[in-house]
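The next block holds one structure in the form of structure tokens; read it before the comments.
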């Protein structure tokens with residue numbers, strides 16, 4: 004199986020690579036559209052600030068490639084947010100895969116949310132063998148509201164989307180690569196698609 | 333519901349754990365990677381590695397260690413100690429650290445916080461603050477508490493937040509090593525002062541101390557070293573007891 008992590012200079016790619024290695028697979032980093040298109044599974048990572056990450060994506064032309072992909076694609080954290088229509092962070096237009104606008108938590112709660120939170124109303128093959136209310140690791144200031152592609156929810160200030168799915172596109176707000184054995188199972192479910 | 337976090341801290345010198353550790357389960361108690369993996373398995377929510385090496389090779393040794401930890405450990409970890417530049421942070425994050433913590437370098441040049449946040453994002457920049465009381469006033473200290481500054485703890489915490497840090501790791505030098513409990517009054521005032529998560533550090537001696545720092549200090553996370561390393565408190569026992577007391581915990 005050929006797993007490609009999109010390399011556009013944004014994020015904690017090493018941890019994802021190692022998490023995949025712990026599952027017995029090897030992932031390749033690439034920003035080459037042909038390599039990405041030919042992969043069996045594509046991972047779209049992202050850590051940092053949205054507008055600069057989007058600029059990097061545009062600079063490589065990958066913003067046009069990602070929405071056209073036909074194989075399973077997993078966006079993680081900021082990767083998931085950039086797959087949405089828009090994010091309030093840096094007033095940034097996203098890739099428009101998920102029809103939702105990403106908002107910021109208000110200061111009625113501590114921002115960023117850092118730590119382990121439960122996921123529930125699980126509604127995707129991504130969560131095969133995962134129980135309701137399992138814990139995942141999150142670190143974020145912006146969130147995708149609940150909408151028709153929501154496949155997992157968490158509560159922080161309000162109920163929001165911790166995972167999205169539309170066709171072959173999957174997104175997790177949490178970091179499966181840092182979410183202990185639960186995260187490993189979710190990552191394995193994605194790689195088994 | 334988000335849980336409170338339990339964070340073992342490993343002091344590192346030249347790529348090895350410093351404080352003696354007493355684990356029969358480990359082949360090599362001085363190997364930070366083995367110890368970290370054991371903590372992850374027994375339910376630690378996060379780990380902090382604090383590097384106290386003073387050699388010229390320290391940057392490379394620490395970067396290598398981070399890579400080895402990231403390979404084996406499936407929970408988040410923070411790295412601190414002697415970090416003073418964008419280049420220092422870049423290599424640690426690139427090798428798999430989730431967050432870095434900066435301390436003296438931020439006091440000496442506060443704009444470093446803004447620079448790191450602009451480059452890497454708030455979520456991975458923790459500012460560690462060591463403080464102790466002088467004439468009833470909490471003053472920020474440097475070099476592990478040896479050098480006093482005129483900075484007020486709460487003013488500095490506010491500034492750290494305004495400059496974009498994602499989290500504060502507050503160590504009370506008055507409590508550190510005493511095993512008499514955390515600095516809960518100062519912690520409670522800190523949580524009223526800023527709106528970013530606070531990690532409490534210094535003073536953990538028993539399970540009640542952890543419960544108190546979450547209930548009275550409103551800390552988001554509690555960090556400790558020796559009580560875990562010497563197995564005076566076992567993480568599963570601690571988390572079960574805190575959960576019983578109504579404090580949200582991730583039980584494994």
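Residue numbers (the working numbering), protein chains in the order written: chain A, 4 to 196; chain B, 333 to 584.
Quick reminder that beta carbons are idealized off the backbone N, C-alpha and C, glycines included.
In the three-state scheme derived from DSSP, where H, G and I count as helix and E and B as strand, residue 73 of chain A is classed as coil.
At a cut-off of 8 Å between beta carbons, residue 582 of chain B contacts chain A. In summary, residue 136 of chain A is exposed, with fewer than 16 beta-carbon neighbours lying within 10 Å of its beta-carbon over all protein chains present. Contact note: residue 113 of chain A reaches chain B through 527, 528, 529, 552, using a C-beta cutoff of 8 Å and chain order.
The bridge partners DSSP lists for residue 162 of chain A are A:158. Taking every protein chain shown into account, the CB of residue 534 of chain B has 16 or more other CB atoms within 10 angstroms, so this residue is buried. At least one CB atom of chain B sits nearer than 8 Å to the CB of residue 144 of chain A.
Within the DSSP secondary-structure output, residue 532 of chain B pairs in a beta bridge with B:502, B:554. Per DSSP, the unbroken alpha helix (DSSP H) holding residue 16 of chain A starts and ends at 16-25. At a beta-carbon threshold of 8 Å, the residues of chain B lying near residue 52 of chain A are 450, 453, ordered along the chain. For the region 469-502 of chain B, the set of residues with a beta-carbon nearer than 8 Å to any beta-carbon of chain A comprises 498, 499, in chain order. Note that the C-beta distance between residue 101 of chain A and residue 87 of chain A is below 8 Å. The DSSP-derived three-state label of residue 548 of chain B is coil. Scanning chain A for C-beta atoms nearer than 9 Å to the C-beta of residue 372 of chain B yields 183, reported in chain order. Listed along chain B, the residues sitting closer than 7 Å to residue 21 of chain A by beta-carbon distance are 402, 403, 428.
Within chain A, the residues 120, 121, 158 have their CB atoms less than 8 Å from the CB of residue 333 of chain B, given in chain order. Under the three-state reduction of DSSP output, residue 5 of chain A falls in the coil class, being neither helix nor strand. At a cut-off of 8 Å between C-beta atoms, residue 341 of chain B does not count as an interface residue with respect to chain A. For residue 89 of chain A, same chain residues with a beta-carbon under 8 Å away, outside a window of 5 residues either side, are 95, 96, 97, 104, 105 in chain order. Rounded to whole angstroms, the gap between the alpha carbons of residue 485 of chain B and residue 407 of chain B is 30 Å. At least one beta carbon of chain A lies nearer than 8 Å to the beta carbon of residue 406 of chain B. Within its own chain, the residues whose Cβ lies closer than 7 Å to the Cβ of residue 111 of chain A, once the five positions on either side in sequence are excluded, are 160, listed in chain order. By the Cβ rule, the region 464-473 of chain B does not count as touching the region 413-423 of chain B, because fewer than three pairs are nearer than 8 Å. Around residue 5 of chain A, the same chain offers 31, 41, 42, 43, 44 as residues with beta carbons nearer than 8 Å, after the five sequence neighbours per side are excluded. Residue 375 of chain B is classed as buried because its beta carbon has at least 16 other beta carbons within 10 Å across all chains shown. Contact between residue 528 of chain B and residue 500 of chain B holds, with the beta-carbon distance rounding to 6 Å and staying under 8 Å. Scanning chain B for C-beta atoms nearer than 8 Å to the C-beta of residue 186 of chain A yields 406, reported in chain order.
For residue 195 of chain A, there is no enclosing beta strand (DSSP E), as DSSP marks it with neither H nor E. Per the Cβ contact rule, the region 512-520 of chain B is not in contact with the region 488-497 of chain B (fewer than 3 Cβ pairs under 8 Å).
Exclusion of the five residues before and after residue 174 of chain A leaves 78, 83, 86, 167 as the residues of its chain whose Cβ lies within less than 6 Å of its Cβ. In this model, residue 181 of chain A and residue 521 of chain B are separated by some 31 Å (Cα to Cα).
In the DSSP assignment, residue 575 of chain B falls within the alpha helix (DSSP H) that extends over 567-576. A Cβ-Cβ contact shorter than 8 Å links residue 412 of chain B with residue 435 of chain B. With respect to chain A, the C-beta atom of residue 337 of chain B has a partner C-beta closer than 8 Å.
At the C-beta level, residue 72 of chain A and residue 194 of chain A stay beyond 8 Å of one another.
When Cβ-Cβ separations below 8 Å define contact, residue 163 of chain A makes no contact with chain B.
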